[in-house]
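K.L.:
FYI, the numbering for the sequence shown is 30 to 726, going by this note's numbering.
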Amino acid sequence: MNAQPSERTKGANDAAPRAGAAAVDERNPWLGLASFTEETREYFYGREEEVAELARRVQRKRLTVLFGQSGLGKTSILRAGLVPRLRGQGYCPVYVRIDYARQAPEPAEQIKQAIARTARRSGEWTQAGVAVEGESLWEFLHHRDDVLHDESGATLIPLLIFDQFEEIFTLAQSDDFGRARAARFIADLADLVENRPPRQLEEKLDQDDSAAERFDFARSDYRVLIALREDYLAPLEGLKASMPSVTQNRLRLAPMTGAQALAAVMRPGKGLVSEEVAAAIVRFVAGGAELANAEVEPSLLSLICRELNDTRLAQGREEISLDLLAGSHASILSNFYERCLVDQPPAVRRVIEDELLTESGFRENVAEEKLLKSFSAAGAAPDALAVLVNRRLLRIEERLDVRRVELTHDVLCGVVKNSRDLRHEREARDASERLLAEQRERALSARQSLVRARQIAVVCSMLAVLAVLAAVFAYFSTQRAQRAERRADTTRAMAEQARTQAEQLLGYLTDDFSSELEAVGRLDVVAQFAKRQVDYFAALPEALKGPDSRRNGALAMVHYAAAERRMGKIDEAQRYSTQAAELLQTLRKQGDHSERTAIALALALQTQASALFDNGQPGTVAILERATELVRPFADSLQASASARRAYIEVAGNLGYQQLRHFKTEEALATLNQEAQFAVRSGGLDVNQPDIASGYV
């Protein structure tokens with residue numbers, strides 16, 4: 030049954046006892062997830078053979094390694110078994126748990142402080158004051174004639190116990206600083222267990238032979254015991270080059286046998302559980318195996334016994350009966366966890382699951398002060414931490430005068446992680462439901478906007494019909510005017526004017542209603558308007574296709590291509606935008622360098638670039654750069670029209686976005702900053718887009 034610290038010291042390196050230690054007596058002989066200590070050793074049974082073997086190994090060699098899976102009770106064996114046994118044989122146990130925080134002293138200094146504190150409680154050194162600040166562990170324990178004596182004058186052998194040694198392979202490896210500190214500690218510890226003078230001391234002795242008189246190079250009256258989880262044995266093996274002893278004296282702690290588990294249930298609980306029920310409990314924890322073949326995890330056995338005994342007390346029974354065994358390991362652990370949090374705010378559960386458990390599901394410890402702040406922010410009562418410690422869900426340890434909080438035992442990690450995973454799923458589901466509700470609200474708003482859009486579409490359709498009729502009338506009027514030749518000059522001029530006005534009306538409808546119709550998703554209406562104008566232009570005889578008609582026809586193609594692209598018809602959009610660009614380029618080659626033609630060509634190139642981008646084709650940035658250069662001279666004038674300014678901002682913004690997509694970050698910043706400055710100068714046109722894009726860069 031995994032042990033926890035038993036002696037409270039003022040130093041953080043000495044493992045301190047769990048606050049609110051579980052009460053243990055004849056009516057409550059099982060500690061649950063709490064650990065056995067020297068004070069509770071009279072209730073610790075089932076590991077006598079392992080304790081005896083471990084004691085023999087410690088007495089035989091300087092370094093002993095105890096390893097086993099989590100939950101097998103390594104610390105309980107040390108504190109309730111080994112330490113009481115060796116105290117009576119002249120050993121002075123020194124519990125050490127290194128604090129690898131950046132602000133903590135070097136590990137060697139922490140160990141020396143722990144030795145000094147324990148020595149003051151156990152006896153005194155014969156050569157007080159010979160220790161020098163900054164000296165190595167080897168030097169600290171090899172001063173000549175400096176021996177630890179107890180009150181009776183008997184010699185004591187320091188026994189350094191490094192529990193949870195695997196933290197040097199986990200917590201100490203979080204950054205370069207921690208890794209460097211861990212390497213120094215390993216080198217110092219290796220010199221100690223191999224009983225070899227440190228290299229720095231040898232260099233000092235080469236310069237001053239008299240310094241050797243301060244040390245006794247032959248003494249080895251100390252012992253080191255390392256306890257760690259079995260899954261970190263491989264990293265420990267990696268130290269054998271500098272510390273060969275790590276492979277020479279090791280004891281593997283196995284799960285309890287059925288007989289050992291039966292003793293752990295029966296002997297503490299004499300009078301509370303019969304042998305039949307005790308055997309059933311052991312089989313239950315062992316997954317149904319018979320006692321002869323059972324392998325039992327002590328921590329789980331102790332927790333289940335504690336939970337069964339609590340149920341017995343609650344029901345006022347004299348003994349634990351078989352019917353109390355209904356359930357399973359997971360349900361007992363889960364019920365234990367839920368009972369601990371039943372009267373706590375939900376946010377307290379969130380703090381425990383998010384702060385005291387790593388993302389992968391391992392125990393994490395945090396400073397008590399930080400956890401209290403988190404509990405307070407969660408709305409917990411001031412005594413919430415003390416309550417959870419007394420319920421044995423959490424425990425508190427002191428390290429370097431900092432009290433730190435963690436889950437009581439690793440066996441709780443699975444239950445806590447499952448609860449966290451379920452909570453995350455529930456939160457994700459709630460978020461999805463909220464998003465769905467928001468989407469429904471937006472859909473309702475969209476339907477309301479659609480009604481208005483339909484009304485606008487009806488009006489626009491009527492105007493479009495009138496425009497088409499006017500265009501047709503203009504065409505036939507033009508034909509009659511041509512046949513009448515000189516006699517119908519006035520009529521031909523009127524027809525030409527009507528046709529031009531009709532084309533401008535179509536362009537006005539397509540251009541000015543596009544944004545409002547697009548906002549409500551009526552791209553089909555935009556495309557329909559533009560297509561009618563394109564068809565009209567295509568039907569005009571070549572003789573009537575003057576510069577204005579060609580420009581208007583090209584603009585209609587641009588609007589049609591933009592709408593088709595938005596509706597996913599990329600090939601259609603590319604074909605019409607390319608045709609529009611070619612038509613407008615021909616006009617410019619023929620000498621038309623007007624603002625209207627330049628703007629129309631820039632918009633055509635922009636639509637062509639967007640279609641190419643959607644099709645995954647290259648060249649979009651070059652096309653947009655050309656479009657920007659076309660419209661900039663007209664937009665950068667003090668007398669520039671609103672159309673020129675708006676076209677420049679739109680084309681430059683699109684260019685900046687494409688530069689971003691092609692990782693041309695500096696060029697994109699320059700383009701978007703110019704766009705933003707120009708928009709501000711232009712009277713507050715849309716400046717949010719460059720700001721957002723700049724932030725993205």
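Glycine included, each C-beta is placed from N, C-alpha and C at the ideal position.
Use the C-beta contact count for L701: other C-beta atoms within 10 angstroms, 16 or more gives buried, fewer gives exposed.
P.N.:
Counting from 1 along the sequence shown, the entry for residue 701 is found at position 672. Result: buried.
K.L.:
Can you list, in chain order, the stretches of the beta strand (DSSP E) that have 3 or more residues and sit fully within the region 56–105?
P.N.:
Runs found: 92–97.
K.L.:
What residue range does the beta strand (DSSP E) around R433 cover?
P.N.:
If you number the sequence shown from 1, residue 433 lands on position 404. Segment 431–436, the beta strand (DSSP E) holding R433.
K.L.:
In the DSSP assignment, find the beta strand (DSSP E) that holds V302 and state where it starts and stops.
P.N.:
Counting from one through the sequence shown, the residue named residue 302 turns up at place 273. Taken as a continuous stretch (DSSP letters only), V302 belongs to no beta strand (DSSP E), as it is neither H nor E.
K.L.:
Quick one: grab the DSSP three-state call for Y129.
P.N.:
Here the question's residue 129 lines up with position 100 in the sequence shown. DSSP places Y129 in coil when its eight states are reduced to three.
K.L.:
What span of residues does the alpha helix (DSSP H) with I599 cover, start to end?
P.N.:
To locate residue 599, count along the sequence shown from 1; it is residue 570. Where I599 is concerned, the enclosing alpha helix (DSSP H) stretches over 599–618.
K.L.:
DSSP three-state label for F246, please.
P.N.:
As a first step, residue 246 is located in the sequence shown; it is residue number 217 there, counting from the start. Here F246 sits in coil by DSSP.
K.L.:
Three or more C-beta pairs closer than 8 angstroms, one from the region 203–211 and one from the region 153–169: is that the case here?
P.N.:
At 8 angstroms Cβ cutoff, the stretches do not touch.
K.L.:
Can I215 and L107 be called in contact, C-beta distance under 8 angstroms?
P.N.:
Walking along the sequence shown from the start, residue 215 turns up at place 186. Walking along the sequence shown from the start, residue 107 turns up at place 78. For I215 and L107, no; Cβs fall outside 8 angstroms.
K.L.:
Excluding sequence positions up to five away, which residues of its chain have a Cβ less than 8 angstroms from the Cβ of L330?
P.N.:
Within the sequence shown, residue 330 is the residue found at index 301, counting from 1. Cβ within range, chain order: M30, M285, A290, A293, V294, I310, V311, V314.
K.L.:
Determine the closest residue to S64 out of H622, T437, A503, with distance taken between C-alpha atoms.
P.N.:
Here the question's residue 64 lines up with position 35 in the sequence shown. Closest by alpha carbon: T437.
K.L.:
So, at 7 angstroms on beta carbons, what are the nonlocal neighbours of S99 in its own chain, with the 5 sequence-adjacent residues on each side left out?
P.N.:
Locating residue 99 in the sequence shown gives position 70, counting from the first residue. Same-chain partners within the cutoff: R258, D439.
K.L.:
Compare the C-alpha of A288 against each of V275, K446, G75 and name the closest.
P.N.:
On the sequence shown, position 259 is the one that residue 288 refers to. It is G75.
K.L.:
Spatial neighbours of L400 within its chain, please: CB distance less than 6 angstroms, with the 5 preceding and 5 following residues excluded, ordered by chain position.
P.N.:
The residue labelled residue 400 in the question sits at position 371 within the sequence shown. Same-chain partners within the cutoff: V434.
K.L.:
Which of the three DSSP states is assigned to H588 in this structure?
P.N.:
In the sequence shown, counting from the first residue as 1, residue 588 sits at position 559. Helix.
K.L.:
Entirely within the region 107–169 and at least 3 residues each: give me those beta strand (DSSP E) ranges in chain order.
P.N.:
Complete beta strand (DSSP E) runs here, min 3: 120–125.
K.L.:
Suppose contacts are defined by Cβ-Cβ distances below 8 angstroms. Is A676 in contact with A664 by that definition?
P.N.:
Taking the sequence shown and counting its residues from 1, one reaches residue 676 at position 647. Taking the sequence shown and counting its residues from 1, one reaches residue 664 at position 635. In this structure, A664 lies closer than 8 angstroms to A676 by Cβ.
K.L.:
Alpha carbons only, please: which of E398, E397, A396, I381 is nearest the one belonging to Q390?
P.N.:
For this step, residue 390 is matched to residue 361 along the sequence shown. In the sequence under discussion, the amino acid at residue 390 is Gly, which differs from the Gln named in the question. For the residues E398, E397, A396, I381, the minimum Cα distance to G390 belongs to I381.
K.L.:
Let me confirm a value: D128 is counted as buried when at least 16 other C-beta atoms fall within 10 Å, else exposed. Which label applies?
P.N.:
Within the sequence shown, residue 128 is the residue found at index 99, counting from 1. With 16 or more Cβ atoms within 10 Å of its Cβ, D128 is classed as buried.
K.L.:
Below 6 angstroms CB to CB, which residues in the same chain sit around T340 once its five sequence neighbours on both sides are set aside?
P.N.:
Here residue 340 is taken as the residue at index 311 of the sequence shown, counted from 1. Cβ neighbours of T340 beyond the five flanking positions: L353.
K.L.:
I'd like to confirm the pairing. Which residues does DSSP put opposite M285 in its beta bridges?
P.N.:
In the sequence shown, residue 285 corresponds to position 256, counting from 1. Its beta-bridge partners are V325.
K.L.:
Are the CB atoms of Q687 and V650 within a distance shorter than 8 angstroms?
P.N.:
For the purposes of this step, residue 650 is taken as the residue at position 621 of the sequence shown. For the purposes of this step, residue 687 is taken as the residue at position 658 of the sequence shown. Cβ atoms of V650 and Q687: closer than 8 angstroms.
K.L.:
Measure the beta-carbon distance from T636 to S606 and round it to whole angstroms, keeping in mind my assumption that it falls under 8 angstroms.
P.N.:
Position 607 of the sequence shown holds residue 636. Position 577 of the sequence shown holds residue 606. Between S606 and T636 the Cβ distance is about 4 angstroms, and since that is below 8 angstroms, they are a contact.
K.L.:
Which residues share a DSSP beta bridge with E427?
P.N.:
Reading the sequence shown from its first residue, position 398 is the one you call residue 427. Bridge partners of E427: R432.
K.L.:
Alpha carbon to alpha carbon, how far is G97 from A460?
P.N.:
The sequence position of residue 97 within the sequence shown is 68, counting from 1. The sequence position of residue 460 within the sequence shown is 431, counting from 1. Approximately 43 angstroms between the Cα atoms of the pair.
K.L.:
Tell me the DSSP secondary structure of T636 in three-state form.
P.N.:
Here the question's residue 636 lines up with position 607 in the sequence shown. Note: T636 maps to helix in three-state DSSP.
K.L.:
Counting only runs of 4+ residues fully inside the region 348–428, write out the alpha helix (DSSP H) ranges in chain order.
P.N.:
Entirely contained in the region 348–428, the alpha helix (DSSP H) runs reaching 4 residues are, in chain order, 358–370, 375–384, 397–406, 413–419.
K.L.:
Look up T458 in the DSSP assignment and say whether it is helix, strand or coil.
P.N.:
Counting from one through the sequence shown, the residue named residue 458 turns up at place 429. At residue 458 the sequence reads Arg, which differs from the Thr that was named. In the structure shown, R458 sits in a helix (DSSP, three-state: H, G or I).
K.L.:
Buried or exposed: where does P411 fall if 16 or more other Cβ atoms within 10 Å of its Cβ makes it buried?
P.N.:
Counting from 1 along the sequence shown, the entry for residue 411 is found at position 382. Its Cβ having fewer than 16 others within 10 Å, P411 is exposed.
K.L.:
Do you know how far the Cα of E223 is from the Cα of E397?
P.N.:
Locating residue 397 in the sequence shown gives position 368, counting from the first residue. Locating residue 223 in the sequence shown gives position 194, counting from the first residue. Cα to Cα, the separation comes out at about 38 angstroms.
K.L.:
Taking the beta carbon of Q627 as the centre, do at least 16 other beta carbons fall within 10 Å, making it buried, or is it exposed?
P.N.:
Here the question's residue 627 lines up with position 598 in the sequence shown. In the sequence as displayed, the identity of residue 627 is Ala instead of Gln. That one is buried.
K.L.:
Does the distance from the CB of L185 to the CB of G119 come in under 8 angstroms?
P.N.:
Walking along the sequence shown from the start, residue 185 turns up at place 156. Walking along the sequence shown from the start, residue 119 turns up at place 90. The answer is yes: Cβ separation under 8 angstroms.
K.L.:
Decide if the region 298–310 is in contact with the region 263–275; the criterion is three or more beta carbon pairs, one per stretch, under 8 angstroms apart.
P.N.:
Result no; under three Cβ-Cβ pairs closer than 8 angstroms.
K.L.:
Using only the alpha-carbon positions, how far apart do R604 and A590 sit?
P.N.:
Along the sequence shown, read from residue 1 onward, the residue named residue 604 stands at position 575. Along the sequence shown, read from residue 1 onward, the residue named residue 590 stands at position 561. Each residue's alpha carbon lies about 8 angstroms from the other.
K.L.:
Just reading off the alpha helix (DSSP H) that I652 is part of, what are its end residues?
P.N.:
In the sequence shown, residue 652 corresponds to position 623, counting from 1. Element bounds for I652: 649–664.
K.L.:
Using the three-state DSSP reduction, which class does A256 fall into: helix, strand or coil?
P.N.:
Your numbering for residue 256 matches position 227 in the sequence shown. In the structure shown, A256 sits in a strand (DSSP, three-state: E or B).
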